[in-house]
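Residue numbers (my numbering), protein chains in the order written: chain A, 1 to 284; chain B, 1001 to 1312; chain C, 2001 to 2287. For each residue, glycine too, the CB sits at the ideal point set by N, CA and C. Quick caveat, the model's predicted, so the values are computed rather than measured. Data block below; observations after.
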């Protein structure tokens, strides 16, 4: 860095800054464009009727009520299964054992599971739940498949949340004579709750948006599901079929808008929750 | 805490804003509301689950539910039939699934579905199922409505799909490369096309492949240089069906045996249909439904069966 | 703190251990299923024919997966060519060059976009990108290029948010030291910050890569799915994932097994990527 080169780096910085600015604007423009197109074309389609009527003629007419119900059922089952498993795993990893071979194996499993493409989960769910266990194409098969898909997310976020509970809390609890389980359930978990909730909400978002794994396991029947053994079509699958087969572009946009809005809402709620927590903890 | 959290965090996959609280040192507050929300959510989930399993028990042993699965070519029609049937019998639920011909065949064999739909003939090892032909379907070669070409010989069609003719100019069309759109390997529509048009010739590898007739129609309707084949019943104003050796595809042409590209739509059952399943199949074969088929571009079973006997 | 072990505590520990083993068990079951269904046919027709065969005609017992393997890699490469420069540039800009307020506003916005379902990206690709390519660049529009761009945009939020995290994790003292030595901001970023954050950035890129190679629905919608080695960026292409999803519905017998074999190949590629991501992550935490 001799004096001679001083000017050039400044010029270089200007150029680089300009390009960075340009690329960033481009990236953000593209992402915002996607949002705007969906909302602009989709929002006019939305009406109470669209949300509360069942699809007619393969979705060409009517609303998307049955697909909303199916999405909610599927997501509930996925979380009902994945939350205890994920939180349990996180408790075991953080509170009940030391780092060692077993924790490494467990973490390896979760890591790899997180990286497996959804289509492979779809194949797996199809063989295991639909065929071998004879659940058929059903909400149950789809929900269980999704549960394993979101499991790594819940494990990871819960573990983070539990780890961030200060050791002092635990020490106080033990010194008062609590057992380890009491400490976990009464001290650690309540303190870690916001983090765990975040993970769960994230998983809701992922379940709602998933298509490939669901189409293989829950099927695509357009009917209002009558039980967990009914086959059902979620919003994403419905949207995929509407858009791809050109059944109705306006209904496709409408469905997409509902999908995107619900996912954005979920994410914003998470942010809000987290933000509230951070403010409270810092004001104390 | 930051670095510690980073370490463990890095080991896992980070999606989106899960990484959010990595930078936040402590959100460990023992807050009642969120715990409350967590419990509430959990109980809500639990309650719904119970409700659902309850309703599952109540709606009972699926006495009044039929699952139909299989060919995506038949699915739209079966859906209509099911809707009509349910209008007449309000207590009955009929679930119509896609899944493909083979999926349908497997589903029936394994009991996942009570009725399978196949748009291709059964293979030897699948012959243990009972086949019921519910309709016949013509196969139409389609192009974009703006395409000036509207008649091709069978040989020309074969050459186009084999990838030997690659420009519309050769066929007195525009000077544009031909985009060939076909169905995927294993589909009933492709099987029928292979058998009736291609014979032993291979469909070109360069062809765009899509997994339902609706998608093929959609793509052909958007790309003015493309050609594809779909069920005659699905041809609408968005695409143009071309004449084959001077013969416009139509129900009459097929019934009269002039236009040869056709295949059966099959319902498959494991055993002699009974009860509700029989009711539904009879309903589909009834004059009411069969007489509606031509409007939807399908050919009623009876017409062909009788013609066929003295034709082939 | 670990010493208290009453009998029921031990029971709790055991049941938690069982729960904790779910993930690895599921992984094992998935692996076994996919290999059980896919491997026999690969061995029967020869691994070489599967991996290097160029003809995919399952009805004629010809199961060459090379076009799909090349297709997956090509599309992923394309996605990285688009996603990485845009993603890294945005991350650098938002952490080092923009005002704090702007980045505090934009990062959540970008991360919110990470949640948009992939089918939505595919749909917009079909509506806007494919016709644009067909009319302006030629070919059918459904192409390697369309798939690459859609995937590139899809992985953008992932890459941006992980890159921002790893750049922020570089201690400020590094930057202060560099600035104090008279370096410009860009020099500091290039010579100090980026090298320090390198393995985090690499891990982020590999994650994006995994997402791109594993994506199914969005790719099916815009790639055209021709089972042929693409001759150009404008030719249609089929990936491993779309091969499975396209043909599974109608496949039976050996055709079906061959699709599971496709799953095996995909699985192996993903595992290699996972391994690399781990390696990169470990390097960072070991620092």
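Can you tell which of C/2236, C/2021, C/2214 has its C-alpha closest to the C-alpha of residue 103 of chain A?
If we check each option's Cα against that of residue 103 of chain A, C/2021 comes out closest.
Report the three-state DSSP secondary structure of residue 1228 of chain B (helix, strand or coil).
Of the three classes helix, strand and coil, the one that applies to residue 1228 of chain B here is strand, per DSSP.
Kindly indicate if chain A contains any beta-carbon less than 8 Å away from that of residue 1076 of chain B.
It does: the Cβ of residue 1076 of chain B has a partner Cβ on chain A nearer than 8 Å.
Using alpha carbons as the reference points, say which of A/192, A/36, A/158, A/156 lies closest to residue 169 of chain A.
The candidate whose alpha carbon is nearest that of residue 169 of chain A is A/192.
Residue 1137 of chain B: which of B/1206, B/1192, B/1216 sits nearest, CA to CA?
Ranking the options by Cα distance to residue 1137 of chain B, first place goes to B/1192.
Please report the straight-line C-alpha distance between residue 114 of chain A and residue 1105 of chain B, rounded to a whole angstrom.
Those two C-alpha atoms are separated by around 33 Å.
In chain order, what residues of the same chain have a beta carbon less than 7 Å from the beta carbon of residue 1028 of chain B, not counting five sequence neighbours either side?
Bear in mind that the predicted position of residue 1028 of chain B carries a pLDDT of just 40, short of 50, making it unreliable; the figure below should be weighed with that in mind. Contacts found: none.
Would you kindly check if the distance between the Cβ of residue 232 of chain A and the Cβ of residue 139 of chain A is under 8 Å?
Yes. Within cutoff.
Tell me where the beta strand (DSSP E) around residue 1215 of chain B begins and ends.
Looking at the DSSP string, residue 1215 of chain B is not in any beta strand (DSSP E); the run it does join, the alpha helix (DSSP H), is 1213-1222.
Closer than 8 Å is the cut-off here; do at least three beta carbon pairs connect the stretch 1126-1143 of chain B with the stretch 1236-1253 of chain B?
With the cut-off at 8 Å, the stretch 1126-1143 of chain B and the stretch 1236-1253 of chain B touch.
Where do the N-terminal and C-terminal ends of the alpha helix (DSSP H) with residue 1177 of chain B fall, by residue?
Note, residue 1177 of chain B: premise wrong, no alpha helix (DSSP H); not H, not E.
In chain C, which residues lie with their C-beta within 7 Å of the C-beta of residue 256 of chain A?
Simply 2120, 2123.
Please report how far the alpha carbon of residue 990 of chain B lies from the alpha carbon of residue 130 of chain A, in whole angstroms.
The structure shown does not extend to residue 990 of chain B, since chain B is modelled only from 1001 to 1312, so the question has no answer here.
Excluding sequence positions up to five away, which residues of its chain have a Cβ less than 6 Å from the Cβ of residue 1095 of chain B?
Excluding positions up to five away in sequence, the list reads 1067.
Against chain A, with Cβ distances strictly below 8 Å, would residue 2116 of chain C count as a contact?
Yes, residue 2116 of chain C lies at the interface with chain A (some Cβ there is under 8 Å from its Cβ).
Ignoring anything shorter than 3 residues, give me the beta strand (DSSP E) runs that lie fully in the stretch 41-126 of chain A, in order along the chain.
DSSP runs (the beta strand (DSSP E)) wholly in the stretch 41-126 of chain A: none.
Tell whether a beta-carbon distance below 8 Å holds between residue 1101 of chain B and residue 1228 of chain B.
Contact: no.
Please name the residue in A/35, A/66, A/70 whose C-alpha comes closest to that of residue 228 of chain A.
Closest option to residue 228 of chain A, Cα to Cα, is A/70.
With distances taken Cα to Cα, identify the nearest neighbour of residue 2062 of chain C among B/1164, B/1124, B/1185.
The candidate whose alpha carbon is nearest that of residue 2062 of chain C is B/1185.
Quick check: the stretch 1213-1226 of chain B against the stretch 1169-1180 of chain B, are there 3 or more CB pairs under 8 Å?
Contact holds: three or more Cβ-Cβ distances are below 8 Å.
Taking 8 Å as the CB-CB limit, is residue 1095 of chain B close to chain A?
At least one chain A Cβ lies under 8 Å of residue 1095 of chain B.
Are the beta-carbon atoms of residue 2271 of chain C and residue 2259 of chain C separated by less than 8 Å?
No, these two residues do not count as a Cβ contact at 8 Å.
Tell me the residue span of the alpha helix (DSSP H) that contains residue 2243 of chain C.
Note, residue 2243 of chain C: alpha helix (DSSP H), 2240-2247.
Check the Cβ of residue 2187 of chain C against every Cβ in chain F and list those closer than 7 Å, keeping chain order.
Note that chain F does not occur in the displayed structure, where the protein chains are A, B and C.
Could you give the DSSP three-state label for residue 1163 of chain B: helix, strand or coil?
Of the three classes helix, strand and coil, the one that applies to residue 1163 of chain B here is coil, per DSSP.
Taking just the CA atoms, how far does residue 2220 of chain C sit from residue 2126 of chain C?
Straight-line Cα distance between these residues: approximately 10 Å.
Does residue 2205 of chain C have its Cβ less than 8 Å from a Cβ in chain A?
Judged by the 8 Å Cβ criterion, residue 2205 of chain C is not in contact with chain A.
Can you tell me the Cα-Cα spacing of residue 2223 of chain C and residue 240 of chain A, whole angstroms?
Going by the C-alpha atoms only, they are around 15 Å apart.
Could you check if residue 36 of chain A is buried or exposed, using at least 16 other CB atoms within 10 Å of its CB as the buried criterion?
With fewer than 16 other Cβ atoms within 10 Å, it is exposed.
With DSSP collapsed to three states, give me the class of residue 1203 of chain B.
In this structure, residue 1203 of chain B counts as coil in the three-state DSSP scheme.
The ligand COA and residue 2127 of chain C: does any heavy atom of the ligand fall closer than 7 Å to the residue's C-beta?
This structure simply doesn't include the ligand COA, nor any ligand for that matter.
Over the uninterrupted beta strand (DSSP E) stretch that includes residue 193 of chain A, give me the two end residues.
Residue 193 of chain A -> not in any beta strand (DSSP E); alpha helix (DSSP H) instead, spanning 189-209.
I need the boundaries of the beta strand (DSSP E) containing residue 1136 of chain B, first residue and last residue.
Element bounds for residue 1136 of chain B: 1130-1143.
Short of 7 Å in beta carbon distance, which residues of its chain neighbour residue 2239 of chain C, apart from the five on each side in sequence? Order them along the chain.
Same-chain partners within the cutoff: 2068, 2071, 2072, 2075, 2219, 2223.
Hey, is the stretch 2195-2211 of chain C in contact with the stretch 2162-2170 of chain C, meaning 3+ C-beta pairs nearer than 8 Å?
Cβ pair count under 8 Å is three or more, so yes.
Candidates C/2080, C/2047, C/2077: which alpha carbon is nearest residue 2064 of chain C's?
Comparing Cα positions, the closest option is C/2047.
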